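All remarks here apply to the structure that follows.
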Amino acid sequence: MHRRPLVVLLVLVVAQVFLCGCTSSGPQDFSVSSSYTLHITTDTRIENVTLLVPIPARGDLPAIGHDPISDAFYANRFPEHITPAIVPIDGQYYLRLTAPFLSPAEPVRVNYENYTSLAGDFRPEIVPQMVETRYPFGNESLFLPKQNLALTAGSPEAVETRGINPGCRYSYTIPVYAYCENGSRIEVYSTIWGRNGWVEQFDAGALNQYSDRYHLVITGEPQGWMAADGVMTAGEGIYREWQLNASTTSGSGE
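Residues in the sequence shown are numbered from 527 upward in steps of one, following the working numbering.
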């Protein structure tokens with residue numbers, strides 16, 4: 527009769543030791559990733575095309591994350607009749623696309639992603655290598671120049687360490703140049719994502735991120751600069767004290 531309470535107590539002790547071991551392990555399996563997409567489509571065949579579209583820039587140079595963007599980056603990403611070139615305009619960099627024609631059968635598509643594993647277990651030196659998802663301005667890759675920039679929701683300082691943060695949102699406009707003949711409808715859409723990921727207790731995945739995107743629909747025969755609508759979000763996802771205590775002025779890997 528006295529053995530049953532002892533057995534129950536032993537089971538509880540073993541369970542507590544197991545749970546303590548799980549909860550004290552801390553975050554692990556850290557990773558960072560950056561992605562960039564550019565999609566340009568047209569409803570009908572258009573001719574004598576010249577487009578100038580914003581590309582990711584980090585600091586003063588074209589880059590997605592720590593990967594520089596050059597003419598070679600765009601090599602072999604487009605149909606042979608499209609000629610890409612990176613050109614500086616008013617202190618910013620644009621991708622210039624020239625082509626005798628664009629057709630619905632061959633849309634312009636760039637899809638790039640870089641994934642980097644940082645470490646298995648948490649170490650303080652990991653944090654400076656992570657993407658600065660709360661404060662991407664001046665730290666991470668963004669589309670520039672951002673005109674009419676306005677905070678429309680949230681605040682970068684309003685970050686909680688419990689639950690999932692909705693982040694803050696900014697609206698802006700950005701110049702895009704387009705010229706073509708026989709135009710009907712052209713759609714330009716481009717995105718940047720920067721993410722941090724890790725695993726917490728009981729193998730629960732966690733991440734936080736920032737994103738930047740612009741979108742423009744052109745009708746008729748464009749012959750000049752137009753304003754695309756842009757949206758940037760920052761501070762979205764899960765944050766913990768060990769990340770919030772890091773510097774907000776040093777970007778990933780700096």
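Ideal Cβ positions, reconstructed from N, Cα and C, are used throughout, including at glycine. As the structure is a prediction and not an experimental result, all values here were calculated from the model.
First and last residue of the uninterrupted alpha helix (DSSP H) at leucine 770: DSSP places leucine 770 inside the alpha helix (DSSP H), whose first and last residues are 767–770.
Which of helix, strand or coil DSSP assigns to proline 785: Past the boundaries of the shown model lies residue 785; the chain is included only from 527 to 780, so the question cannot be answered.
Cβ of isoleucine 712 within 7 Å of any chain B Cβ: Checking the listed chains, one finds no chain B in this structure; it contains a single protein chain.
Counted within 10 angstroms of its Cβ, other Cβ atoms place glutamine 769 as buried (16 or more) or exposed: Classification for glutamine 769: buried.
Contact set for phenylalanine 556: own chain, Cβ-Cβ below 6 Å, skip 5 residues either direction: Leu644, Ala645, Ile652, Trp724
Rounded C-alpha distance that separates asparagine 722 from glycine 591: Cα atoms of asparagine 722 and glycine 591: separation of roughly 12 Å, rounded to the nearest angstrom.
Through-space distance from threonine 699 to valine 685, alpha-carbon basis: 26 Å
C-alpha distance - asparagine 674 paired with glutamine 727, whole-angstrom precision: Near 43 Å, if we compare the C-alpha coordinates of glutamine 727 and asparagine 674.
Contact the segment 675–683 vs the segment 562–582: 3+ CB pairs below 8 Å: no
Entirely enclosed beta strand (DSSP E) segments - the segment 567–645, minimum 3 residues: 572–580, 582–584, 587–590, 609–615, 618–628
Of the listed residues Tyr705, Pro748, Tyr740, Gly693, nearest to leucine 733 (C-alpha basis): Gly693
Inter-residue spacing [alpha-carbon to alpha-carbon] between arginine 751 and arginine 635: What sits at residue 751 in the sequence shown is tryptophan, not arginine. Tryptophan 751 and arginine 635: Cα-Cα distance of roughly 22 Å.
DSSP-derived helix/strand/coil call for phenylalanine 728: helix
The segment 733–743 / the segment 751–764 touching (three or more Cβ pairs under 8 Å): Put simply, the segment 733–743 touches the segment 751–764. At least three CB pairs are less than 8 Å apart.
Paired residues, beta bridge with phenylalanine 669 - DSSP: DSSP output for phenylalanine 669 lists Pro582 as bridge partner(s).
Burial state of glycine 547 (16 or more Cβ within 10 Å): Summary for glycine 547: the model assigns pLDDT 44, below 50, so the residue's position carries little reliability, and this model does not support an answer.
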